[in-house]
Amino acid sequence: MSFFHAIILAIIEGLTEFLPVSSTGHMVIYSSLVGISQSEFTKLYTVNIQFGCIISVLVLYRRRFLQTTDFYLKLFVAFLPAAVIGFLLNDFIDSLLENVTVVAITLLLGGILLIYIDRIFKQIPRDYDVTFPEALKIGFFQCIAMIPGVSRSAATIIGGMAQGLTRKQAAEFSFFLAVPTMAAASGYKLLKTYKTIQSDDIQVLLVGNLVAFIVGLLAIRGFVGFLTKYGFKIFGYYRIILGLLLLGLMAAGVKLDIV
Numbered sequence: 001m002s003f004f005h006a007i008i009l010a011i012i013e014g015l016t017e018f019l020p021v022s023s024t025g026h027m028v029i030y031s032s033l034v035g036i037s038q039s040e041f042t043k044l045y046t047v048n049i050q051f052g053c054i055i056s057v058l059v060l061y062r063r064r065f066l067q068t069t070d071f072y073l074k075l076f077v078a079f080l081p082a083a084v085i086g087f088l089l090n091d092f093i094d095s096l097l098e099n100v101t102v103v104a105i106t107l108l109l110g111g112i113l114l115i116y117i118d119r120i121f122k123q124i125p126r127d128y129d130v131t132f133p134e135a136l137k138i139g140f141f142q143c144i145a146m147i148p149g150v151s152r153s154a155a156t157i158i159g160g161m162a163q164g165l166t167r168k169q170a171a172e173f174s175f176f177l178a179v180p181t182m183a184a185a186s187g188y189k190l191l192k193t194y195k196t197i198q199s200d201d202i203q204v205l206l207v208g209n210l211v212a213f214i215v216g217l218l219a220i221r222g223f224v225g226f227l228t229k230y231g232f233k234i235f236g237y238y239r240i241i242l243g244l245l246l247l248g249l250m251a252a253g254v255k256l257d258i259v
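Per our numbering, the very first residue in the sequence shown carries number 1; after that it's consecutive.
Below you can see the structure in the form of structure tokens.
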């Protein structure tokens, strides 16, 4: 993987991590289009640059993270399902990351759901925080995002709205839950592959995380305002168009799966 491709992947990660369009799916698509091979470092890089996005959440919501113990306990409860299931299915999940067909189908189905999500879950303002049972249920919704193309953001936001949260409340809880989830994924991947990292790789990881951090800051600020005002439809249409485009290319004989 060249330095240029590493930067583009970091931009994709920062831009799409907090949008309901699937950051992993977009990185898989880009990697397949430009022919990035799935070496151990490439797999590490696409997971580790999530750390830059974590920092962007901590910076933007730093006051929210200076809260009572309950706040962290609820995040821990919501994080648990992904921690357990992710650990048990790690190898299977890795194999899905190379399958663009899976990404195309999940983008399409998820897009259809997003178009109708506001009709399914009505906006009823509430002034109380997420409860522990609600946090756990949102955590199980997050597990669906282990399938590439589903979108962790979309899964957790929909999970939050299913518990009665408004779009803004669900989006913000999704951002908060991203911190322990992505930190664990990045740390686990680094622990498994750190012996394969070369000296030049460290520079690429640092720059990639910096780029993901900057782009992530901009993406979060823009997304919350847009989502509150317009809802999910535009993201749903985008996912459908992209999913159909990928399926059309594969039907035409274009090989997109990563090797």
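Using N, Cα and C, we set each Cβ at its ideal position, and we do this for glycine too.
Quick caveat: nothing in here was measured; it's all calculated off a predicted structure.
Residue interval of the alpha helix (DSSP H) (run including residue i)
{"i": "Glu-172", "result": "167-193"}
{"i": "Phe-121", "result": "Where Phe-121 is concerned, there is no enclosing alpha helix (DSSP H), given that its DSSP letter is neither H nor E."}
{"i": "Arg-152", "result": "152-162"}
{"i": "Pro-125", "result": "Pro-125 -> no alpha helix (DSSP H), and no H or E assigned at all."}
{"i": "Glu-13", "result": "3-16"}
{"i": "Lys-229", "result": "199-230"}
Straight-line Cα distance separating residue j from residue i
{"i": "Ala-6", "j": "Thr-42", "result": "9 Å"}
{"i": "Leu-60", "j": "Ile-11", "result": "18 Å"}
{"i": "Ile-157", "j": "Met-27", "result": "21 Å"}
{"i": "Phe-132", "j": "Arg-239", "result": "32 Å"}
{"i": "Thr-68", "j": "Leu-80", "result": "19 Å"}
{"i": "Ile-202", "j": "Glu-13", "result": "18 Å"}
{"i": "Ile-112", "j": "Ile-55", "result": "32 Å"}
{"i": "Ile-147", "j": "Leu-89", "result": "11 Å"}
{"i": "Gly-231", "j": "Leu-177", "result": "21 Å"}
{"i": "Phe-226", "j": "Ala-135", "result": "24 Å"}
{"i": "Leu-44", "j": "Thr-193", "result": "7 Å"}
{"i": "Leu-205", "j": "Gln-198", "result": "11 Å"}
{"i": "Lys-74", "j": "Gln-142", "result": "14 Å"}
{"i": "Arg-126", "j": "Ile-120", "result": "18 Å"}
{"i": "Ser-151", "j": "Gly-110", "result": "9 Å"}
{"i": "Arg-63", "j": "Thr-228", "result": "21 Å"}
Residues of its chain near residue i, where Cβ-Cβ distance is below 6 Å and the 5 sequence neighbours each way are ignored
{"i": "Gln-50", "result": "Met-182 and Ser-186"}
{"i": "Gln-123", "result": "Thr-166"}
{"i": "Ala-104", "result": "Gly-243, Leu-246 and Leu-247"}
{"i": "Phe-213", "result": "Gly-52, Ile-55 and Ser-56"}
Residues of its chain near residue i, where Cβ-Cβ distance is below 7 Å and the 5 sequence neighbours each way are ignored
{"i": "Ile-8", "result": "Tyr-30"}
{"i": "Phe-175", "result": "Phe-18, Val-57, Tyr-61 and Ile-220"}
{"i": "Gln-169", "result": "Gly-160"}
{"i": "Val-47", "result": "Ala-185, Ser-186 and Lys-189"}
{"i": "Val-102", "result": "Leu-96, Ile-147, Pro-148 and Gly-149"}
{"i": "Phe-235", "result": "Leu-19, Pro-20, Val-21 and Leu-114"}
{"i": "Phe-65", "result": "Leu-58"}
8 Å CB neighbourhood of residue i in its chain, flanking five on each side removed
{"i": "Lys-137", "result": "Gly-159, Ala-162 and Gln-163"}
{"i": "Val-224", "result": "Lys-168, Ala-171 and Glu-172"}
message: Just to confirm the assignment: which complete alpha helix (DSSP H) runs, minimum length 4, are found wholly within the segment 19-57?
response: 23-34 and 40-48
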